[in-house]
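Asker: Protein chains in written order, with the numbering used here: chain A, 45 to 157; chain B, 83 to 194.
One structure is given below, represented as structure tokens, and several questions about it will come after.
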Amino acid sequence: KAGVTQTPRYLIKTRGQQVTLSCSPISGHRSVSWYQQTPGQGLQFLFEYFSETQRNKGNFPGRFSGRQFSNSRSEMNVSTLELGDSALYLCASSFGGRGLEQYFGPGTRLTVT
Amino acid sequence: GQQVMQIPQYQHVQEGEDFTTYCNSSTTLSNIQWYKQRPGGHPVFLIQLVKSGEVKKQKRLTFQFGEAKKNSSLHITATQTTDVGTYFCAGRTQGGSEKLVFGKGMKLTVNP
């Protein structure tokens, strides 16, 4: 079974721009979660989608948004990029039930200059 | 909000040594998960603990969930260089939104 894939793997943007990241979960997985990973803050939860509905949301500003499509693929968007948004963005999928293990993708390394 | 603290944040051991790392939650958890992230890699699921006082072993790794379901520990016996990486615990909150909250991780380095 193919793992979680994320595109692009690397991205360089300038302040004020917006960016869209994509995540394809493991086949059959209906839940997709997004995390921001930085050296100082560890893994911070952004949001979780299940069956195209946002099920949970972390404490990030409204510039961070996401969505999930009917095939469970998910995208996250960050508008008006700031330098502090530079991070590794990880997507994780799970079968769906709460409490199940998550399978992480390789991440998208975003650098904002 | 709910917090999950891991101690220590950094651990350097000599190959062959044993050590324990801890994970503490400010609230009672429904379950706790442990992940390992190798340098340059992504987190990989290791194990999940659900029951109060539960103990699970994976080869040289022993995981324990506290009686009050607010803390957990990971004990590694006879550390090897392949154990290098960052270990994260992640606690699932009870009721309500049931978020999975990650600790900041414990970075392990091993001196061969």
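We put the beta carbon where it would ideally sit given N, CA and C, even for glycine.
Please report the straight-line C-alpha distance between residue 95(A) and residue 160(B), rounded to a whole angstrom.
Answerer: The alpha-carbon atoms of residue 95(A) and residue 160(B) are separated by roughly 44 Å.
Asker: Could you check the C-alpha separation between residue 52(A) and residue 130(A) for me, to the nearest Å?
Answerer: The straight-line gap from Cα to Cα measures roughly 14 Å.
Asker: If the cut is a Cβ gap below 8 Å, which residues of chain A does residue 145(B) touch?
Answerer: The premise fails here: residue 145(B) is roughly 13 Å from chain A at the closest Cβ pair, so nothing lies under 8 Å.
Asker: In angstroms with no decimal places, state the Cα-to-Cα distance between residue 125(A) and residue 98(B).
Answerer: For residue 125(A) and residue 98(B), the distance between alpha carbons rounds to 46 Å.
Asker: I'd like to know if residue 54(A) contacts chain B, where contact means its C-beta is closer than 8 Å to some C-beta of that chain.
Answerer: Cβ-Cβ to chain B under 8 Å: no for residue 54(A).
Asker: Among residues of its own chain, excluding the 5 on either side of residue 115(B), which ones have a beta-carbon nearer than 6 Å to its beta-carbon?
Answerer: Cβ within range, chain order: 130 and 172.
Asker: So is residue 187(B) in contact with chain A if we call contact Cβ pairs under 8 Å?
Answerer: Output row for residue 187(B): interface = yes.
Asker: Are any of the Cβ atoms in chain A nearer than 8 Å to that of residue 115(B)?
Answerer: Yes - at least one Cβ of chain A is within 8 Å of the one on residue 115(B).
Asker: Residue 151(A) versus chain B: which residues are under 8 Å apart at the beta carbon?
Answerer: Correct list: 124.
Asker: What does the alpha-carbon distance come out to for the pair residue 112(A) and residue 105(A)?
Answerer: Answer to the nearest angstrom: the Cα atoms are 19 Å apart.
Asker: Can you pull the chain B neighbours of residue 86(A), defined as C-beta to C-beta under 8 Å?
Answerer: Per Cβ cutoff of 8 Å: 170, 184, 185, 186 and 187.
Asker: Measuring alpha carbon to alpha carbon, tell me which residue in 90(B), 105(B) and 92(B) is nearest residue 148(B).
Answerer: For the residues 90(B), 105(B) and 92(B), the minimum Cα distance to residue 148(B) belongs to 105(B).
Asker: What residue does the beta strand (DSSP E) around residue 106(B) start on, and which one ends it?
Answerer: Start and end: 101–107.
Asker: Would you identify the three-state DSSP class for residue 111(B), choosing helix, strand or coil?
Answerer: In this structure, residue 111(B) counts as strand in the three-state DSSP scheme.
Asker: Hey, is residue 140(B)'s beta-carbon within less than 8 Å of any beta-carbon in chain A?
Answerer: Judged by the 8 Å Cβ criterion, residue 140(B) is not in contact with chain A.
Asker: Restricting to Cα atoms, I'd like to know which of 162(B), 127(B) and 145(B) is closest to residue 144(A).
Answerer: When each option's Cα is compared against that of residue 144(A), the closest is 127(B).
Asker: Looking only at its chain, what residues have a beta carbon closer than 6 Å to the beta carbon of residue 133(B), apart from the 5 residues adjacent to it on each side?
Answerer: Excluding sequence neighbours, residue 133(B) sits near nothing in its chain.
Asker: Does residue 94(B) pass the burial test, meaning 16 or more other C-beta atoms within 10 Å, or should it be called exposed?
Answerer: Exposed is the call here.
Asker: Is the beta carbon of residue 72(A) sitting closer than 8 Å to the one on residue 93(A)?
Answerer: No; because the gap between Cβ atoms is not below 8 Å, this pair is not in contact.
Asker: Please classify residue 98(B): does DSSP put it in a helix, a strand, or coil?
Answerer: Here residue 98(B) sits in coil by DSSP.
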